[in-house]
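Student:
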Amino acid sequence: MKKLFSGCLTIIGAIVVIGIIIAVATGGDDSTTTSTEGTSNDQPKEKTKEEQTETIGIGETATIDDIGFTVTNAESKTTIEGSDEYTEPVTTDNQFIVLDVTINNGKSEAITTDSEFFTLVSNDGTEYSPKNDGDLMMVIPTDKMLFFEEINPGLKKEGMIVFEVGSDVQMSDLTLKADAGFWGTKSVNINLN
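Mapping of the sequence shown onto the UniProt record's numbering: position 16 corresponds to residue 16, and the numbering continues sequentially without gaps.
1. Which runs of the alpha helix (DSSP H), 4 residues or longer, sit entirely within the UniProt domain "DUF4352" (57–186)?
2. Taking 7 Å as the limit between beta carbons, can you name the residues of its chain near Val24, skipping five residues before and five after?
3. Is the distance from the Cβ of Ser115 to the Cβ of Leu155 below 7 Å?
4. Could you tell me the distance, in whole angstroms, from the CA atom of Ile64 to the CA atom of Ile103?
5. Report all residues from its chain with a CB closer than 6 Å to the CB of Thr61; omit the five preceding and five following residues, and keep chain order.
6. In this structure, does DSSP put Asn193 in helix, strand or coil?
7. Could you check if Pro153 is buried or exposed, using at least 16 other CB atoms within 10 Å of its CB as the buried criterion?
8. Give a yes or no on whether the C-beta atoms belonging to Ile190 and Ile56 are separated by under 7 Å.
9. Verify whether the separation of the beta carbon atoms of Ile97 and Ser76 is less than 7 Å.
10. Suppose you measure from the CA of Asp124 to the CA of Ala178; what does that come to, to the nearest Å?
11. With a Cβ-Cβ cutoff of 7 Å, do Val90 and Leu136 count as a contact?
12. Would you mind stating whether Glu127 and Thr119 have Cβ atoms separated by less than 7 Å?
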């Protein structure tokens, strides 16, 4: 037991060290840019931050960092049927917001995407994470799963993202926030009304 515990601590320590190295390596560029631009960069920074979030609607495509995001369909359901006769449907006393999305890789290298790059946000600021439990993963068709999916350059991936929200939540009051990646600083908001 003691060996297992120390082995786990070693792995956790290695992950922390790698995270710090990545943070230092990627964070250094911003401070260099800031120091060379002088003190008059306060307004451009705010403007840049505003430009980093675009808002669109269902059926429209927004492109950030050469990655296109489109919500092609949005539905509210209490039951999601299985993709075959062997899979039991998944039900909730609340409601599922089921989104069909398309992600288009316009970059020159492969990207990895995941349903966790998406957040559902209500008008009052409440944030909902995608539901990724085992039962639900069984009913989503394999070709529609967004679980660390790699998309090669010039290709697109159609996927399904499911959120569980309260039964009183109106879909017209929700916005999908899509991030460009793990450390993406840019995002797009897609209105679901």
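All residues carry an ideal CB built from backbone N, CA and C; glycine is no exception. What you are looking at is a predicted structure, and each value in this text was computed from that prediction instead of being measured.
Tutor: Taking the structure as given:
1. 134–139
2. On the sequence shown, residue 24 is found 24 positions in, with the first residue counted as 1. In this predicted model, Val24 has a pLDDT of only 49, less than 50, meaning its place in the structure is not dependable; the value taken from the coordinates is given anyway. So no residue of the chain qualifies.
3. For the purposes of this step, residue 115 is taken as the residue at position 115 of the sequence shown. For the purposes of this step, residue 155 is taken as the residue at position 155 of the sequence shown. Contact flag unset, no.
4. Here residue 64 refers to the residue found at position 64 of the sequence shown. Here residue 103 refers to the residue found at position 103 of the sequence shown. Ile64 and Ile103: Cα-Cα distance of roughly 11 Å.
5. Locating residue 61 in the sequence shown gives position 61, counting from the first residue. So the qualifying residues of the chain are Gly68 and Thr70.
6. By one-based count along the sequence shown, residue 193 stands at place 193. Asn193 falls in the coil class under three-state DSSP.
7. Taking the sequence shown and counting its residues from 1, the one referred to as residue 153 is at position 153. Per the 10 Å Cβ criterion, exposed.
8. By one-based count along the sequence shown, residue 190 stands at place 190. By one-based count along the sequence shown, residue 56 stands at place 56. Cβ atoms of Ile190 and Ile56: closer than 7 Å.
9. Here residue 97 refers to the residue found at position 97 when the sequence shown is read from its first residue. Here residue 76 refers to the residue found at position 76 when the sequence shown is read from its first residue. Going by C-beta atoms, Ile97 is nearer than 7 Å to Ser76.
10. If you number the sequence shown from 1, residue 124 lands on position 124. If you number the sequence shown from 1, residue 178 lands on position 178. Looking at the two C-alpha atoms, the distance is approximately 18 Å.
11. The count along the sequence shown starts at 1 and reaches residue 90 at position 90. The count along the sequence shown starts at 1 and reaches residue 136 at position 136. Closer than 7 Å, so yes.
12. By 1-based counting over the sequence shown, the position of residue 127 is 127. By 1-based counting over the sequence shown, the position of residue 119 is 119. Yes, Cβ-Cβ distance for Glu127 and Thr119 is below 7 Å.
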